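The structure under discussion appears below in the form of structure tokens.
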Amino acid sequence: NAGVTQTPKFRVLKTGQSMTLLCAQDMNHEYMYWYRQDPGMGLRLIHYSVGEGTTAKGEVPDGYNVSRLKKQNFLLGLESAAPSQTSVYFCASRTAVGTEAFFGQGTRLTVV
Amino acid sequence: AQSVAQPEDQVNVAEGNPLTVKCTYSVSGNPYLFWYVQYPNRGLQFLLKYITGDNLVKGSYGFEAEFNKSQTSFHLKKPSALVSDSALYFCAVRDWSGGGADGLTFGKGTHLIIQP
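Going down the list, the protein sequences come from chains A and B. Here the working numbering is used: the first residue of the first sequence is 1, the next is one more, and so on. Here the working numbering is used: the first residue of the second sequence is 1001, the next is one more, and so on.
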């Protein structure tokens, strides 16, 4: 059972480039989340989804877009990367009736 | 709006001694409370949660936490620390009363260092 898998694990982008981070979960979870982790700031919610075909904004959504075309996948896109988006990105998922979320291993993104 | 405060950036404890990592929270409704642990270059691992019921909850690896509604606190504890407990610990809250964005609100994290 793989749980929550994030692709890629590391990436370096130049300012202005675009990319998509993929999150895949094999636990049939309804809810999926994208967080970013910055030193001394904990994790902050970027976007989330409560089910296939639905997405919503979190605390820090600017500069990011998301899509949930399939229940098991949640994509995070950066259309024009900025140095301020240098961070570690975590995906998480949970069941609709459950409470705790399960996290992926993270994607370390550097924008130069 | 909901928030979590972890007042200590770092906690140092000698191996074998009891440890406490502090957490206070603020929600407008009713809280779900969580502790997660993060080892270097890894994702977050769930430790324990408080939903309702007994104020003392037990979790993985011998950790426990006490929910105190009047003090809005959820401190993480362990009777006897191990060097392998050294990691970054996050407290998190979710308001299950509804309204606002879904998802957890995290504290800034506390580095726990257990000295041999």
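In this text, a Cβ means the ideal position worked out from N, Cα and C, and glycines have one as well. Source: prediction; values computed, not measured.
{"Asked": "Counting only runs of 3+ residues fully inside the segment 1027 to 1072 of chain B, write out the beta strand (DSSP E) ranges in chain order.", "Found": "1031 to 1038, 1044 to 1050, 1056 to 1058 and 1064 to 1068"}
{"Asked": "Beta-carbon of residue 1051 (chain B) versus every beta-carbon of chain A: anything under 8 Å?", "Found": "yes"}
{"Asked": "Between the C-alpha atoms of residue 114 (chain A) and residue 1082 (chain B), what's the straight-line distance to the nearest angstrom?", "Found": "Because residue 114 (chain A) is not part of the residues shown, which for chain A are 1 to 112, the question remains open."}
{"Asked": "Measure from the C-beta of residue 99 (chain A) to each C-beta in chain B and report whether the shortest distance is under 8 Å.", "Found": "yes"}
{"Asked": "Within 8 Å of any Cβ in chain B, is that where the Cβ of residue 50 (chain A) sits?", "Found": "yes"}
{"Asked": "Comparing C-alpha positions only, which one of A:12, A:76 and A:108 sits nearest to residue 63 (chain A)?", "Found": "A:76"}
{"Asked": "Measuring only from the beta carbon, is residue 1032 (chain B) closer than 7 Å to any heavy atom that is part of the ligand FMN?", "Found": "The ligand FMN is absent from the structure shown, which contains no ligand whatsoever."}
{"Asked": "Going by DSSP, name the residue or residues bridged to residue 54 (chain A).", "Found": "A:51"}
{"Asked": "Ordered along the chain, which non-local residues of its own chain (more than five positions away) have a Cβ less than 7 Å from that of residue 14 (chain A)?", "Found": "112"}
{"Asked": "Using a Cβ-Cβ cutoff of 7 Å, what residues of the segment 78 to 91 of chain A are near chain B? List them in chain order.", "Found": "90"}
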